[in-house]
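Undergrad: Below is a structure I'd like to ask you about.
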Amino acid sequence: MLCLILPLWCGCSSDLVDTDMSKSVSTRGDYSGTPIMVKAIVNGVKSYDGGETTRSVNTKETLVVPLNKDYDTGFDMAMTIEAIPSAQTRANVILANTYFRIVAYKNNAISVSNYAGQGDFMTDADGNAVAVTGHELFLPEGEYTFFCYSFGLETLPDFDASSISMAIGNDTDFMVYKSNVNVTPDSGTTGIFTLKNILFVRQCSRMQIIVSTDGFGNNKINACAATLSNLNDNTVNYDLTASALSNMGTSGSFDFTWDVSELGDTIAKSNTAFLLPATERSFSIQFTELTFGVEDLKGATFTVLPQALVPGRDYRITMAISRNYIPVGGYKWAKGNLYKTPEGEYHIEAHQQDYHDGTENGTYFGWNTLEITDGACNEGAGIYSYSTDPCSKLAPEGTWRTPSRTEASELVAENYKWDDTLLGAWMGTDDNKVFLPAVGFRSNNGISKGGVVGLKKYAYYSLRDYSTGYNHCLMVLQNGPNWMSRLQRTNGTPIRCVKVQ
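Residue numbers (my numbering): 51 to 551.
Pasting the structure below:
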């Protein structure tokens, strides 16, 4: 190696250095002397480690919405966004078949005036790095800051040394490594310096969207394409002195596509995209194409629960399309209890055993009222009104209602069984089973106002039938069903909605 390099340097005139290596050799500042060739050894790149969602550590949250908010298609979309733990948590991954660049700044300070040169390198399948012919980096001895970066590709865009920032966009695996180094010949060599232990750090997140149509007939996915919006800006300027990319922008979007090989089945996975990091926010998904069976949802838009996109982590959005009811006892029952959000939206729980027990106790409603506030109820002489039925506000409006005594009696007549493990009651057969969790009721007796009574012991569920006096009709479930019980209207109870038929 030494015999090959020394004759090359000895035979090079100053003109050759100025022309062939003008991008690689420092001609500024105090440093002078024989140029030293820079080599590199790459340890790899920090793997995507999954991490946690910012809403709740080690959990994922699902939002269920109708496929179409204007009319009842018979289907729901259950959306989940989650951070995916990697099998290689905290491991370093080989950087294979990838180009990277080393930009050198003298005096251990990154600035335009301190620019000293740049060199391009590439790795083989095993991650071993070699300099790109004609783009080697030569530097005189001295103190430098090395800024190393890659886009995870087999190409590198030109670097403009007149600036210490670069534009970074989506769909690039942008990664960096910085180090202050003393460039001197390696021990036992002449004219070679090796930058060792390069460990790149990923600056972007990675995202995939999965669409699922399991659980009902005529459900093969034939076409799919979607746009994810409210991302960071499409292009962000990265300052070479910064520790990370800015994550504050909100104007960006990215088009996800599905390979034809992913279509024709009930589960379709999109291409995996690199996205610029983003602060916690809700994302919007619009399907520019989505057909399954005879359904065409082109143009349908959905809001995804808030989530931050943390650099170096994998995320997955699952869009699960399913039948939006459970047929039991001749009626179509909701697949979860009703709840109201602090923003005033009405939703069905993602799972039958779920309930909301926040500061406003969104699971508990006074009789025939749209409110979840303590003590609210319909005081109209026991007269039920559909306009104040909270089930009626589920999108698409007019599809659901609070069940009646007749509907409740038909439900509990279908193989009623109390579950001591899940704490609630099952009704139905085979795959069509309704489960009503024992979440008690919210008391309003003036003593324990706002407290929940009977949690994990009894299942109290409101019915729409009116009663005389200041009571309302409800269904109480425990070891055996009672669908003709009564309770004061101001006490809040959960509701399992039934479809208007």
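C-beta atoms are modelled at their ideal positions from N, C-alpha and C, and glycine is treated no differently.
Name the two residues that bound the continuous alpha helix (DSSP H) containing threonine 456.
TA: 455-462 is the extent of the alpha helix (DSSP H) around threonine 456.
Undergrad: Under the three-state reduction of DSSP, which class applies to proline 440: helix, strand or coil?
TA: In the structure shown, proline 440 sits in a helix (DSSP, three-state: H, G or I).
Undergrad: Which partner residues of asparagine 482 appear in the DSSP bridge assignment?
TA: Its beta-bridge partners are Thr479.
Undergrad: Do you know offhand how far valine 526's Cα is from serine 535's?
TA: When rounded, the distance between both Cα atoms is 7 Å.
Undergrad: Would you say alanine 323 and asparagine 297 are within 7 Å of each other, going by their C-beta atoms?
TA: Contact flag unset, no.
Undergrad: Tell me where the beta strand (DSSP E) around cysteine 254 begins and ends.
TA: Here cysteine 254 belongs to no beta strand (DSSP E), and DSSP marks it neither H nor E.
Undergrad: CA-CA distance, serine 213 and valine 162?
TA: Near 6 Å, if we compare the C-alpha coordinates of valine 162 and serine 213.
Undergrad: Comparing the CB of valine 344 with every heavy atom of the ligand MG, is any distance shorter than 6 Å?
TA: This structure does not include the ligand MG; it has no bound ligands of any sort.
Undergrad: Can you name the residues that DSSP bridges to phenylalanine 171?
TA: DSSP output for phenylalanine 171 lists Phe150 and Ala181 as bridge partner(s).
Undergrad: Express the C-alpha separation of serine 334 and glutamate 312 in angstroms, rounding to a whole number.
TA: Whole-angstrom Cα-Cα distance: 23 Å.
Undergrad: Cα separation between leucine 52 and glycine 241?
TA: Reliability of the predicted coordinates at leucine 52 is poor, the pLDDT of 34 falling under 50, and no value is obtained from them.
Undergrad: Identify every residue that forms a DSSP beta bridge with leucine 524.
TA: According to DSSP, which records beta bridges pairwise, leucine 524 is partnered with Ser512 and Ser535.
Undergrad: Using only alpha-carbon positions, find the residue among Ala179, Lys549 and Glu186 that is nearest to tryptophan 450.
TA: Checked all of Ala179, Lys549 and Glu186; the closest Cα to tryptophan 450 is Lys549.
Undergrad: Mind checking whether asparagine 418 and threonine 391 have CB atoms under 7 Å apart?
TA: Cβ distance not < 7 Å, so asparagine 418 and threonine 391 don't count as in contact.
Undergrad: If you reduce the DSSP assignment to three classes, tell me which class serine 311 lands in.
TA: The answer is helix: DSSP assigns serine 311 an H, G or I state.
Undergrad: For threonine 452, which residues in the same chain have their Cβ closer than 7 Å to its Cβ, ignoring the five residues on either side in sequence?
TA: These residues qualify, in order along the chain: Asp439, Cys441, Ser512, Leu513, Arg514, Ile545 and Cys547.
Undergrad: Which runs of the beta strand (DSSP E) at least 3 residues long sit entirely within the segment 337-390? Give them in chain order.
TA: Taking only runs of at least 3 residues, the beta strand (DSSP E) segments lying wholly in the segment 337-390 are 351-359, 364-373, 376-378, 381-383 and 388-390.
Undergrad: Does DSSP put valine 550 in a helix, a strand or coil?
TA: Three-state result, valine 550: coil.
Undergrad: Within 10 angstroms of its Cβ, does tyrosine 510 collect 16 or more other Cβ (buried), or is it exposed?
TA: By the 10 Å Cβ count, tyrosine 510 comes out buried.
Undergrad: Short of 7 Å in beta carbon distance, which residues of its chain neighbour glycine 343, apart from the five on each side in sequence? Order them along the chain.
TA: The answer, listed in chain order, is Asn268, Asn269 and Lys270.
Undergrad: Classify aspartate 126: buried if its beta carbon has 16 or more other beta carbons within 10 angstroms, exposed otherwise.
TA: Per the 10 Å Cβ criterion, buried.
Undergrad: Verify whether the separation of the beta carbon atoms of asparagine 541 and asparagine 482 is less than 7 Å.
TA: Their beta carbons are not under 7 Å apart, which means asparagine 541 does not touch asparagine 482 by this criterion.
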